[in-house]
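Numbering (the working numbering), first residue to last: 82 to 217.
Glycine included, C-beta positions come from ideal geometry on N, C-alpha and C.
These figures come from a predicted structure and were not determined experimentally.
This report refers to the structure that appears directly beneath it.
Have a look at this one:
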């Protein structure tokens with residue numbers, strides 16, 4: 082199983098390295114030292130990641146009222162609309178999400194650059210990739 086450096090764990094969880102170190106110090110995230118570096122076992126990092134999702138503020142995001150579970154809070158960065166359709170772009174953490182919807186829906190939701198919004202993704206196809214290992 083893979084081990085992750087503190088910086089890699091922080092990137093995967095979307096938090097700062099200081100937060101990961103605090104979790105390690107508090108015993109919330111197991112770690113060990115390999116070649117002088119603190120590392121986190123992948124299986125433990127996955128467990129923490131799953132618990133963070135379970136702890137999310139579901140009432141704020143209405144997650145209990147919709148079937149989509151892949152929900153990302155972000156900020157609208159661009160809205161391109163004509164009389165029929167709108168293309169809404171958002172940044173959700175490190176991710177760019179683009180949605181196509183009716184112009185009427187975008188208007189009713191008040192979507193405009195700077196507005197906080199939640200992207201809900203429901204798909205029957207999800208492509209999963211593995212990154213190319215970094216060279217040391």
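Query	Result
Length of the line joining the Cα atoms of residue 90 and residue 199	24 Å
Straight-line Cα distance separating residue 102 from residue 83	19 Å
Within the region 115–200, ranges of the alpha helix (DSSP H) (whole runs, at least 4 residues)	123–135, 139–142, 184–190
Contained beta strand (DSSP E) runs [length at least 3] in the region 88–115, N- to C-terminal order	113–115
Which of helix, strand or coil DSSP assigns to residue 86	strand
Same chain only: Cβ atoms within 7 Å of residue 181, ignoring 5 sequence neighbours per side	166, 168
Proximity below 8 Å, CB of residue 164 to CB of residue 184	yes
Bridge partners - residue 202, DSSP secondary structure assignment	151
Alpha carbon of residue 87 to alpha carbon of residue 120, nearest angstrom	6 Å
Exposure label - residue 187; buried when at least 16 CB within 10 Å	buried
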